[in-house]
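From first to last, the protein sequence lines are chains R and W. Per my numbering, the first sequence starts with residue 39, numbered consecutively. Per my numbering, the second sequence starts with residue -8, numbered consecutively.
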Amino acid sequence: NAGVTQTPKFQVLKTGQSMTLQCAQDMNHNSMYWYRQDPGMGLRLIYYSASEGTTDKGEVPNGYNVSRLNKREFSLRLESAAPSQTSVYFCASSLQIKVGNQPQHFGDGTRLSIL
Amino acid sequence: RKEVEQDPGPFNVPEGATVAFNCTYSNSASQSFFWYRQDCRKEPKLLMSVYSSGNEDGRFTAQLNRASQYISLLIRDSKLSDSATYLCVVNPNYGGATNKLIFGTGTLLAVQP
């Protein structure tokens, strides 16, 4: 049982390049999330999808777009990468968003460097 | 003021020691609470949920004090394998209908042989 799978695990981009981070979960979860983690900042929510067909902004959405392709997949796109987007990106999922006591399950992250 | 605050540590303790972490949260309407563990360069993993009456899982005990808005995690008989960053996580219950979690920056624990 793979859980939450992210690709790629590592990526180096030049400023201005675009790329899409992929995330898929096989736990039949309704809600999915994208976070970034920076030293001293903790995990910050970029975008989330409460259910298939819906997406909403989180705390730090600027410079990113997302697509909830189907129930399993939630992608994060950087249209024009900037050095400030150098970070570790985590995808997570939870059973549903409207029930408070739902833990989130994380993928193993994508380490992204923007030169 | 940060929504979730933790002492960053590091906490350096010998094997077998008991160590306690505290965490404070700012939103009194917060409904659910968790402790996550994150190993170096790995993803966060759920350690335990925190219930109002307090709960225990083996060597780990979590407690919630709603009046003072803090959460604690107690680790007894520390093992080398407990070395990790411990993240305090709160659901602030924005609008009463979300599962958007707020993560603390974590407390680093280093258990020494």
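Glycine included, C-beta positions come from ideal geometry on N, C-alpha and C.
Under a criterion of Cβ atoms nearer than 7 Å, no residue of chain R is adjacent to SER17(W); the nearest Cβ is some 14 Å distant.
A straight line joining the alpha-carbon of ARG82(R) with that of LYS36(W) spans about 16 Å. Linking TYR102(R) to ARG115(R) through their CA atoms gives a straight-line distance of about 6 Å.
Of TYR61(W), LEU92(W), LEU71(W), the smallest CA-CA separation from ASP(-2)(W) is found for TYR61(W). Rounded to the nearest whole angstrom, the CA to CA distance from PRO77(R) to LYS33(W) is 14 Å.
A distance of 8 Å or more separates the beta carbons of ARG106(R) and MET57(R).
Counting the other Cβ atoms within 10 Å of the Cβ of THR53(R) gives fewer than 16, which makes it exposed. Close CB contacts of ILE93(W) within its chain, under the 6 Å cut and outside five residues either way in sequence, are with GLU(-6), VAL(-5), VAL81, PRO83 (chain order). Cβ neighbours of PRO141(R) within its own chain (closer than 8 Å, five residues either side excluded): SER132. The Cβ of PRO35(W) sits closer than 8 Å to at least one Cβ of chain R. Taken atom to atom, the span from the alpha-carbon of SER40(W) to that of ALA119(R) is near 37 Å.
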